[in-house]
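These notes concern the structure reproduced below.
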Amino acid sequence: MEFFRRETHVDFIGRRRIPIAISVLLLIGTMFVLFTRGLNFGLDFTGGTLIELSYQEPVEVASVRKELADAGMADTVVQHFGTSSDVMVRIPVRKGTDSATLSDEVVSILRIGVGEKLVQSRPGKAQQCSSRKSSELKDCQVQVRRVEFVGPQVGEELTEQGGLALLYTLIAILIYVMFRFEWRFAVGAIVAIAHDVLLTFGFFSLMQLEFSLSVLAAMLAVLGYSLNDTIVVFDRIRENFRRMRKGSNIEVMNAAINQTLSRTIITSATTMITVLALFFFGGEIIRGFSIALIVGIFVGTYSSIYIATPAVLAMGVSRDDLMPVKKEGSGDELP
91 MEFFRRETHV DFIGRRRIPI AISVLLLIGT MFVLFTRGLN FGLDFTGGTL
141 IELSYQEPVE VASVRKELAD AGMADTVVQH FGTSSDVMVR IPVRKGTDSA
191 TLSDEVVSIL RIGVGEKLVQ SRPGKAQQCS SRKSSELKDC QVQVRRVEFV
241 GPQVGEELTE QGGLALLYTL IAILIYVMFR FEWRFAVGAI VAIAHDVLLT
291 FGFFSLMQLE FSLSVLAAML AVLGYSLNDT IVVFDRIREN FRRMRKGSNI
341 EVMNAAINQT LSRTIITSAT TMITVLALFF FGGEIIRGFS IALIVGIFVG
391 TYSSIYIATP AVLAMGVSRD DLMPVKKEGS GDELP
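Reminder that position 39 of the sequence shown reads as 129 in this note's numbering, one-by-one numbering, no gaps.
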């Protein structure tokens, strides 16, 4: 713990050019990937049918996916939720087929698969579960828990509203930082946040991970996390400008980053531990949410040092911009 009590003296701002160059290259790659591959939107945005199924015994997702693919449903998304006996099947919109028909077809296919596995041990039961009328049997091994249909129109509205949510958040952050500090700091904060969001989008596009409403919620959380870290550094920069009267802009900003570095490391590490627990033990249903937070925490910590502060420096902020305004006719400063 002695390391976290010491004040470091790393020349972050003096060595800013290489990290900035790396960020620029990553952003160019992100834009290329987004335009060529796009995001893998989930049913929340594209529309489709969601079916929740319950098995009496644990089941492998890979075997369920193979059974559906062999039956001509290779475009379905299968994942566990809750327990290893609960399965969620997502099917894209299919013209001319309603959700009830799709759910019956999926259940029939999976019950046939269950029946084939029961042939040797329970042949009578296998024949029943392979029948299309098996939906009437309460003791059959595959039971439907929920069927939900999301129309394409709803998906389009969610896409639009999600984009507006990100836009309004950025505008609110810009206004807040502008009044809290100075307009150059507001621009620096927006540049850093845009950097974090774009890189997270790029990661999801490159890996073709499903982009759902939970991932969008994680993006908004990343905005808040990145802003919080940036505001801490900005606040220390403002204090140092008032205390370090003989220091240059680079010296003042370097001191601020080093003074808050231990706090940044501890906060990021403890948050990352929590998010990693969600990733490893939270199940498939929140996997995308936790991945977005992991990427966002990493780039958010990095951007508060190498993106936000250098951006403010590049716009020429000076000590005079942050000094308290003096009352007219007196030597006292406003608090």
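For every residue, glycine included, the Cβ atom is placed at its ideal position computed from N, Cα and C.
This one's a predicted model, so the numbers in the text were calculated from it and none came from an experiment.
(request) Following the continuous beta strand (DSSP E) through T361, name the residue where it begins and the one where it ends. (result) Note, T361: premise wrong, no beta strand (DSSP E); alpha helix (DSSP H) at L351 to F371.
(request) Pick helix, strand or coil for G214, following the three-state DSSP scheme. (result) Its pLDDT being 48, under 50, G214 is placed unreliably by the model, and nothing is read from it.
(request) Would you kindly work out how many angstroms separate the C-alpha atoms of D176 and S144, rounded to a whole number? (result) 5 Å
(request) Would you check if the stretch 344-356 and the stretch 271-280 touch, i.e. whether three or more CB-CB distances between them fall below 8 Å? (result) no
(request) Look up R326 in the DSSP assignment and say whether it is helix, strand or coil. (result) helix
(message) Here's a check: name, in chain order, each residue in its chain whose Cβ is nearer than 7 Å to the Cβ of H99, leaving out the five neighbours to either side.
(response) N348
(request) Compute the Euclidean distance between the alpha carbons of F135 and S302, then round it to the nearest angstrom. (result) 7 Å
(request) Look at the alpha carbon of L310 and the alpha carbon of E147, and state the distance between them as a whole number of angstroms. (result) 38 Å
(request) Measure the alpha-carbon distance for V263 versus Y315 and round it to whole angstroms. (result) Per the sequence shown, residue 263 should be read as Ile rather than Val. One C-alpha to the other measures close to 12 Å.
(message) For the stretch 392-404 against the stretch 277-289, do three or more pairs of beta-carbon atoms, one drawn from each stretch, fall closer than 8 Å, so that the two count as touching?
(response) yes
(request) Can you grab the Cα-Cα spacing for the pair V196 / F324, in whole Å? (result) 55 Å
(message) Going residue by residue through the stretch 254-325, where are the continuous alpha helix (DSSP H) segments of at least 4 residues, counting only ones entirely within it?
(response) 273-297
(message) Using DSSP's beta-bridge definition, name the partner residues of D428.
(response) One cannot answer for residue 428 here, as it falls past the ends of the chain, which runs 91 to 425.
(request) Consult DSSP for Q146 and reduce its assignment to one of helix, strand or coil. (result) coil
(request) Could you give the DSSP three-state label for V407: helix, strand or coil? (result) coil
(message) Could you tell me the alpha carbon to alpha carbon distance between I103 and L313, rounded to whole angstroms?
(response) 23 Å
(request) Would you tell me roughly how many angstroms separate the C-alpha atoms of S174 and Q251, rounded to the nearest one? (result) 34 Å
(request) Check S174 in the structure and name its three-state DSSP category. (result) strand
(message) Residues in the same chain with beta-carbon distance under 7 Å from A161, minus the five sequence neighbours each way, listed in chain order, please.
(response) I199
(request) Classify F125 as helix, strand or coil using the three-state DSSP reduction. (result) helix
(message) Suppose you measure from the CA of T361 to the CA of A382; what does that come to, to the nearest Å?
(response) 13 Å
(message) Can you give me the C-alpha to C-alpha distance between L133 and I181, rounded to a whole angstrom?
(response) 8 Å
(message) Output needed for L260: all residues of its chain with C-beta closer than 8 Å, excluding positions within five of it in sequence on either side, in chain order.
(response) I280, I283, A284 and L313
(request) Pull up the CB-CB distance for V183 and G138, whole angstroms please, since I reckon it's below 8 Å. (result) 5 Å
(message) Helix, strand or coil for F102? Go by DSSP, reduced to three states.
(response) coil
(message) Would you say the beta carbon of A284 is closer than 7 Å to some non-hydrogen atom of the ligand MN?
(response) Judged by which ligands are present, the structure shown has none, so any question about the ligand MN falls away.
(request) Give the straight-line distance between the Cα atoms of D101 and I363, rounded to the nearest whole angstrom. (result) 28 Å
(request) Measure the Cβ-Cβ separation of T120 and G292 and say whether it is below 8 Å. (result) yes
(request) Starting from the Cα of V451, find the closest Cα among I375, L256 and T249 and give me that residue. (result) A question about residue 451 goes unanswered here, because the residues of the chain that appear run from 91 up to 425.
(message) Give me the residue from E247, L192 and L403 with the minimum Cα distance to F331.
(response) L403
(message) Does I397 come out as helix, strand or coil in the three-state DSSP assignment?
(response) coil
(request) Count the other C-beta atoms from every protein chain shown that fall within 10 angstroms of the C-beta of N318, then say buried if there are 16 or more, exposed otherwise. (result) exposed
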